[in-house]
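One structure is given below, encoded as structure tokens.
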């Protein structure tokens, strides 16, 4: 790894006038920081609006005493992250690329989790948890085949036996009892 | 020597078959999750919280303490054999440890890590035994203003130390505090940040937040970047330390412990700092400087001991003041609360037998961990052969199980999913998630103390700086906030001055 950095001196004329510093920033990280900062600004507005609408109480320190400064801080730090990202965006370099259809994979996993949440009371724990395992494993790049289903089934069944039957945590059973 | 008598009684409680079994289960689970990359002790304790609420408090707390200590041992196995630390404080031992493993000295590296962890863990627990009652005694005089100031210190140092920079640390902390505000305000009964959703009236369960931020964000992150290929270094021999390795290791163990415990026990943020310090100390003191960077055994022995000693140290502010300074400690604080126990000075007076049983079980756990890790190291190493997709898919199954057990409704699972996406954004932005967990758990306590203090003074904020201790703590807060801002500026100015000086000379 370190060899690459030492051999760079002889290589290409730098395309950017400011060469990436040793702690150079990744473009993706900078953009994500900006998005996170923006999200904090939105949250700041929500927190402040919510705190202002709280009714006055007889207590010396009302329910809005803490949310108000928290909202202001959220806004300040969010703005700070936005400014910081704006400054860093100029010197940012592209980081390691994402794998193919990365965004789609995340969406698919979200869909799998939502489906799990909705189907769990209907189909029971073992079937839905097996399906979740298989979906997640395939999205993470597991080789296709019955093996993955077998692993998932074994895990879900073990969890059901240990936590439902042994410990007494009631898991949804589904029409077939597991 | 009051403590010795109490500790002996604690041992009497810890050495019952039932408690021994829970300690063994705890350290075994702890080692396993420490070994597996992507699962840490904080996540594991959070997942087990809703499942263990039927247990006796002492059994559950012994189980969690075992997981806490075990996670530290297991983390070193992963960082040495795989070079992806399972747990962030083990990052440093990956530097030298993985180099040693590549040079075929995996057994020596694992031995020194395990023995060092044992030595440091035991010395740290002894120190905890004698220091904790003293601190608890001192803290009995604390009122709400002191607690507010202490929590401010913890907030600032946790934000500054558990992440890449202060701004991102504070951002993470605020996320946690904001989530902690959701729900009915306990003092006035007003719903806050619920936006008319009934399911939010009780707030969002700590378990769901921790699971989403640690487990889901990790799984989502691997969907973006792919799971990658990592090579596991083989472990062929039995774990043994040669005479020369032992001679080089033991001073490093002791130095690591001496750094780790005091820093860990300050109300100021976790195990990362002492491990870094220990590494640089060993690098300076070594008689084999040429080996550093290529697998020097001191570079494993020192940081590993510092890590474990700090883990014991973190328990001092947690048990005596109720102040968690790491994500795992924060989750353990939640565990105490779920049994109606509030860590703090009163814990030692009101639940003395429980505390001493817990401390005694830490000694027992350390011995168990040494036995589990030295002869059985190859079994743990085999866990690393599980493919990454299997680990993360399995983590998701357990994550949804924990979230379901905590809330039991479909809405909880949807909240879990949404917070997981938030965690993914944080991860991508380089925002650490540990301060969020500390903020989530400490935020409501801090708010309660603040309002209690202001109610006492009828709204006069000067009560917050009414005693020498509070003034001192607020100065610490100010310094911790200013130093990261001032230092780089000063350094830059000095560099600029030097450059100007150079320019004039030439």
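Protein chains in written order, with our numbering: chain H, 24 to 201; chain C, 2 to 507.
Cβ atoms here follow ideal geometry from the backbone N, Cα and C, with glycine treated the same way.
Predicted model only: the values in this text are computed from it and were never measured.
- Of the residues C/54, C/357, C/203, C/223, the one whose Cα lies closest to the Cα of residue 123 of chain H is C/223.
- Only exposed fits residue 479 of chain C, as fewer than 16 other CB atoms lie within 10 angstroms of its CB.
- Using beta-carbon distances, residue 106 of chain H does not count as an interface residue toward chain C, since no partner is under 7 Å.
- Apart from the 5 residues on each side of it in sequence, residue 413 of chain C sits with its Cβ closer than 8 Å to the Cβ of 200, 206, 209, 404, 405, 407 in its chain, given in chain order.
- Within the same chain, and ignoring the five residues on either side of residue 146 of chain C in sequence, the residues whose Cβ sits closer than 7 Å to its Cβ are 454, 464, 465, 467, 468, 471.
- Where residue 88 of chain H is concerned, there is no enclosing alpha helix (DSSP H), because DSSP gives it neither an H nor an E.
- Bridge partners of residue 49 of chain H according to DSSP: H/116.
- If you check each beta-carbon in the region 159-175 of chain C against every beta-carbon of chain H, the ones closer than 7 Å belong to 168, 171, 172, 175.
- Residue 383 of chain C has a beta carbon lying at 7 Å or more from every beta carbon in chain H.
- Annotation: the continuous alpha helix (DSSP H) that includes residue 20 of chain C extends over 18-36.
- By DSSP's assignment, residue 184 of chain C forms a beta bridge with C/193.
- With respect to chain C, the C-beta atom of residue 76 of chain H has no partner C-beta closer than 7 Å.
- Using a Cβ-Cβ cut-off of 7 Å, residue 386 of chain C does not count as an interface residue toward chain H, since no Cβ of chain H sits closer than that to its own.
- Contact residues of the region 193-223 of chain C toward chain H are 193, 194, 220, 221, 223 (C-beta to C-beta distance below 7 Å).
- Under a criterion of Cβ atoms nearer than 7 Å, no residue of chain H is adjacent to residue 148 of chain C; the nearest Cβ is some 15 Å distant.
- The continuous alpha helix (DSSP H) containing residue 372 of chain C extends over residues 353-374.
- With respect to the 7 Å criterion, residue 308 of chain C and residue 276 of chain C are classified as neighbours on the basis of their beta carbons.
- By the rule that beta-carbons nearer than 7 Å mark a contact, residue 429 of chain C touches chain H.
- Taking each of H/155, H/126, H/186, H/183 in turn and checking the Cα distance to residue 172 of chain H, the smallest one comes out for H/155.
- Legend: CB atoms of the region 77-89 of chain H lying less than 8 Å from CB atoms of chain C belong to residues 77, 78, 80, 82, 83, 84, 85, 86, 88, 89.
- When the Cα atoms are used, residue 174 of chain C and residue 241 of chain C turn out to be separated by approximately 43 Å.
- A distance below 7 Å between beta-carbons, with the five flanking residues on each side excluded, links residue 161 of chain C to the following residues of its chain, in chain order: 167, 170, 481, 485.
- CA-to-CA, the gap between residue 300 of chain C and residue 93 of chain C works out to about 8 Å.
- The shortest CA-to-CA distance from residue 131 of chain H to any of H/161, H/105, H/120 is the one to H/161.
- In the structure shown, residue 76 of chain C falls within a helical segment according to DSSP collapsed to helix, strand and coil.
- Between the region 75-93 of chain H and the region 102-120 of chain H there are fewer than three C-beta pairs closer than 8 Å, too few to call the two in contact.
- Residue 309 of chain C: member of the alpha helix (DSSP H) spanning 299-322, first to last residue.
- Taking every protein chain shown into account, the CB of residue 63 of chain H has 16 or more other CB atoms within 10 angstroms, so this residue is buried.
- Burial is judged here by how many other beta carbons sit within 10 angstroms of a residue's own beta carbon; residue 199 of chain H has fewer than 16 and is exposed.
- Between residue 149 of chain H and residue 177 of chain H, the gap from beta carbon to beta carbon reaches 7 Å or more.
- Residues of chain C whose Cβ lies closer than 8 Å to the Cβ of residue 52 of chain H are, in chain order, 429, 430, 431.
- Neighbourhood of residue 162 of chain H in chain C, by CB distance below 8 Å: 224, in chain order.
- Taking a contact to require three or more Cβ pairs closer than 8 Å, the region 252-259 of chain C and the region 434-451 of chain C do not qualify as touching.
- Scanning chain H for C-beta atoms nearer than 8 Å to the C-beta of residue 286 of chain C yields nothing, as the closest lies near 24 Å away.
- Chain H places no beta carbon closer than 7 Å to that of residue 280 of chain C, leaving this residue out of the contacts.
- Between residue 219 of chain C and residue 144 of chain C, the alpha-carbon positions lie close to 40 Å from each other.
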